[in-house]
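Novice: Using the UniProt record's numbering, the letters of the sequence shown map in sequence onto residues 1 to 385. The beta carbon of each residue, even a glycine, is placed where N, CA and C say it ideally should be. Here it is, the structure, as structure tokens.
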Amino acid sequence: MDEAVAQAAAAADAAAAAGNLPEAHRLLGEAAERAGSDPGLWLKYAAISRALRRPHVALAAVNRALEANPLDFTALLLKASIVTTLDEAHAGEAWAAAFAQRPEGPVAPAIEGVLAQGRAVHDAWLARREQALAQAMAPAEARAGAEEQARIARFRSNSLRRTRAYHSNPTHFAFPGLVEHEFHPRSAFPWLAMLEAATETISVELQDVLAAERTELVPYIQYQSHEPLDQWRPLNHNKDWTAVHLWRNGERVEANARHCPQTLALLEQLPQPQIPGAGPNAMFSLLAPGTHIPPHVGYNNARLVCHLPLVVPEGCWFRVGAETRHWRRGEAFVFDDTIEHEAMNPTDQLRIVFIFDVWHPGLSAAERDAVAALISCEGGAGGGL
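Spelled out as structure tokens, the structure:
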């Protein structure tokens, strides 16, 4: 900032402090024009223009500030507030841009108040858009099947930025070209009905293994503290999330498996990966009351994970990508654990889910063999599910 600009800016501050906003406005305008691209001066000029009820001048000034830094939260917030005074019906997009750049953590109470007002404007704008889009898409949706309707609804939600696209991001093994679904459609797994029909049988064997003297109940997450696995650090060796393994990284856990013959016989009919050191995997997963499993991703997108809920207190939820479901006893689903997911047991009771892995249905027999050979050669799963 050259000396003349600095003097004009200082004089403007003095005028504003003395309550002479018109003079401060004049001086700031001269200083900002002389400086050319100083966003701080343009923001000050915009704020005083707004205070003088000159919103069009204020909007032009804040746009000059955004030319220098298009993602500046303060400038975007001021712009959204100004646009609202000019045309509230079209201000939602400006608020969306501001919300997208909100910094992490708490903000000043005054800013929080402004954000609350803007959220109401933004929500009303989104609702109008959603209604218009739903009406435009209604004829196509009426012809769609249930799975197609779910994808269409998600397309609309993504377009409105209510949700976003999530993608497979395995920690170790990424097979190309596989279709990505957060929760895979039931139609791809005709054996789900057979699994669900066995819910009571599996539950009885769960009780048998839990009652056995030699049951091996271990923390779900176990790794050396020096390993670079920060996504798991809060739950490493934590008994709030434990597992009774029937199969673990391709090894049958006999102390538990011997109590579950019918469960294991059912698994033999399913397309579980046979990979030395990595699969199959099958277990009863026990999540303690009040325990949160933080967002994380799995190691290998060539296999998917199936959940069969057995003991599920009301309110336990599971999120994959942008979709959150509540577990329901006997209602199985298949998901891609290489897409970010998390879980929560907010209740005061234990939650138990039967979990096992299956091949991704998009793999051919030759591709399955290639995946198994590579992962086995690399030493296996390095931790399994």
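When the Cα of H296 is compared with those of G19, Y166, A140, T84, which residue comes out closest?
Specialist: Here the closest residue by C-alpha is Y166.
Novice: For F155, is the classification buried or exposed, using 16 other Cβ atoms within 10 angstroms of its Cβ as the cut-off for buried?
Specialist: So F155 ends up on the exposed side.
Novice: Using DSSP's beta-bridge definition, name the partner residues of D337.
Specialist: Paired residue(s): none; D337 is not in a bridge.
Novice: Could you check where the beta strand (DSSP E) with T324 kicks off and where it finishes?
Specialist: Start and end: 323 to 326.
Novice: Which residue's Cα is closest to the Cα of D336: R329, A60, F183, I293?
Specialist: For D336, the nearest C-alpha among the options comes from F183.
Novice: Give the DSSP-derived three-state secondary structure of S37 in the structure shown.
Specialist: S37: coil per DSSP, three-state reduction.
Novice: Reducing DSSP to helix, strand and coil, say where E342 ends up.
Specialist: DSSP places E342 in strand when its eight states are reduced to three.
Novice: Whose CA, out of W42, S37, G36, lies closest to the CA of A12?
Specialist: Minimum Cα distance to A12 is reached at W42.
Novice: Give me the Cα-Cα distance between A322 and P346, rounded to the nearest whole angstrom.
Specialist: Going by the C-alpha atoms only, they are around 20 angstroms apart.
Novice: Report the three-state DSSP secondary structure of R248 (helix, strand or coil).
Specialist: Three-state result, R248: strand.
Novice: Could you tell me the boundaries of the beta strand (DSSP E) in which L270 lies?
Specialist: Where L270 is concerned, there is no enclosing beta strand (DSSP E), given that its DSSP letter is neither H nor E.
Novice: Among D2, L52, I111, which residue has its Cα nearest to the Cα of R34?
Specialist: Per the Cα distances, D2.
Novice: What did DSSP end up calling A381 once you bin it into helix, strand or coil?
Specialist: In the structure shown, A381 sits in coil (DSSP, three-state: anything other than H, G, I, E or B).
Novice: Helix, strand or coil, according to DSSP, for N300 in the structure here?
Specialist: Residue state, collapsed to three classes: strand.
Novice: Whether or not the stretch 329 to 343 and the stretch 267 to 280 are in contact is what I'm after, with contact meaning three or more pairs of Cβ atoms, one per stretch, closer than 8 angstroms; do they touch?
Specialist: These segments do not touch.
Novice: Between G379 and G277, how many whole angstroms is the CB-CB distance? I'm expecting something under 8 angstroms.
Specialist: Contact flag correct, Cβ pair sits at about 6 angstroms.
Novice: Among residues of its own chain, excluding the 5 on either side of I339, which ones have a beta-carbon nearer than 6 angstroms to its beta-carbon?
Specialist: The residues are Y166, S168, E182, V320, G321.
Novice: I want to know whether the stretch 200 to 208 touches the stretch 355 to 373 - three or more CB-CB distances under 8 angstroms.
Specialist: Counting Cβ pairs under 8 angstroms, fewer than three are found: no touch.
Novice: By the 10 Å Cβ neighbour count, where 16 or more other Cβ atoms means buried, how is S37 classified, buried or exposed?
Specialist: Per the 10 Å Cβ criterion, exposed.
Novice: How is L133 classed by DSSP in three states: helix, strand or coil?
Specialist: Correct three-state label for L133: helix.
Novice: On the criterion of 16 or more Cβ atoms from any shown chain inside 10 Å, does I375 qualify as buried, or is it exposed?
Specialist: The residue is buried, with at least 16 neighbouring Cβ atoms inside 10 Å.
Novice: In the DSSP output, what is F318 paired with across the bridge?
Specialist: DSSP, once it has assigned bridges, lists R325, A343 as partnering F318.
Novice: In whole angstroms, what is the alpha-carbon distance linking E251 and H307?
Specialist: The alpha-carbon atoms of E251 and H307 are separated by roughly 20 angstroms.
Novice: Quick check on this structure: which residue in N300, A134, L78, A138 has the alpha carbon closest to the alpha carbon of A118?
Specialist: Checking the sequence shown, residue 118 turns out to be Gly, not Ala. With distances taken between Cα atoms, G118 lies closest to L78.
Novice: Distance, Cα to Cα, V171 vs H90?
Specialist: Inspection of the sequence shows that residue 171 is occupied by Thr rather than by Val. When rounded, the distance between both Cα atoms is 43 angstroms.
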